[in-house]
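Some notes on the structure that comes next.
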Amino acid sequence: MEDNFIDNWDIFLAPYAQAVAELKLKLKNIRNEYRTHQKHAPIEFVTGRVKTRESILEKMEVRQIAPQDMLIGVQDIAGIRIMCQFVEDIYEVANLLIERTDFKVILIRDYIRNHKPSGYRSYHMVVEYPVHGARGIEPVIVEIQIRTLAMNFWATIEHSLNYKYQGEYPEHILKRLERASEAAFQLDQEMSEIREEIREATHFFEQRKIKNIPNYVVQQEGERRE
């Protein structure tokens, strides 16, 4: 597909990169605030990316999206992924994002309660985030995916296989993916059953780490003096 409908791709993608950087920072601050107050943080870690020009054009070609419909048809030019320990954490994070006033949620797709036929599970939100730049305020569309580590492991494998088979999986691969998805979901269910014990263990570990910091600092000072 020709890319001349965008005059300068670097300039076009810059606000998306800024949106990803700012959202990552804000989400990490939320996680750190929970930990500072010695509470279980529903956010385990956050990643983000901006699609490349080649990736955008490839998606438009596969889905037959016209240039004038790009901003509507490709809603994941900017992407944020939030990892959680438990399924319950996903909905806690989603509620936190819905209540925020610095961006607007415009679409929600719950693929956990309504998973895809392939077995894909994740919670998707499409938000409109205002980027403040030299040219004023520019609203940018960002897709936020919230999932557990087990869901992410399955999705990563499925994504790799999708490139190999171009979405046309052999029957035996499809069945194995479905079984693996169910196994990952059962793992999440089991982890939810013992989440209080896991949270207590995590809290205990964090407390020990904090208590050991002064000793570590003293040890480092002693080594430097030697």
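In the numbering used here, the protein residues as written are 81 to 306.
Here a beta-carbon is modelled for each residue, glycine too, at the ideal position from N, C-alpha and C.
Beta-carbon separation (whole angstroms), S177 vs V206, contact threshold 8 Å: This sequence places Leu at residue 177; Ser is not what is there. With a beta-carbon spacing of about 11 Å, L177 and V206 fall beyond the 8 Å limit used to define contacts.
Three or more C-beta pairs below 8 Å linking the region 99 to 116 and the region 127 to 136: They touch, by the three-pair rule.
Proximity to D182 [Cα-Cα], best of E168, D156, Y171 and H212: When only C-alpha atoms are compared, the closest one is H212.
Whole-angstrom distance between A264 and V297, CA atom to CA atom: In this predicted model, V297 has a pLDDT of only 47, less than 50, meaning its place in the structure is not dependable; the value taken from the coordinates is given anyway. When rounded, the distance between both Cα atoms is 41 Å.
Every unbroken alpha helix (DSSP H) within the region 125 to 203, with a cutoff of 4 residues, ordered by chain: The region 125 to 203 contains these whole alpha helix (DSSP H) runs: 133 to 142, 150 to 153 and 167 to 178.
Assigned exposure category for Y203 - 16 Cβ within 10 Å defines buried: Looking at its Cβ environment, which holds 16 or more other Cβ atoms inside 10 Å, Y203 is buried.
In DSSP terms, what V222 is bridged to: Looking at the DSSP assignment, V222 forms a beta bridge with A158 and V207.
Euclidean distance between Cα positions of H252 and I152: Take the alpha-carbon of H252 and the one of I152: they are about 35 Å apart.
Spatial distance of P315 from N84 (CA atoms): Residue 315 is absent from the structure shown; the chain starts at 81 and stops at 306.
Reduced DSSP secondary structure (H/G/I, E/B, other) of I86: The DSSP-derived three-state label of I86 is coil.
Boundaries of the alpha helix (DSSP H) in which K308 is found, first to last residue: A question about residue 308 goes unanswered here, because the residues of the chain that appear run from 81 up to 306.
D169 classed as buried or exposed, judged by whether at least 16 other C-beta atoms fall within 10 angstroms: Buried, by the Cβ-count rule.
Inter-residue Cα distance where the pair is Q269 and F125: About 20 Å.
Residues bridged to R227 (per DSSP): In the DSSP output, where bridge partners are listed per residue, R227 has M163.
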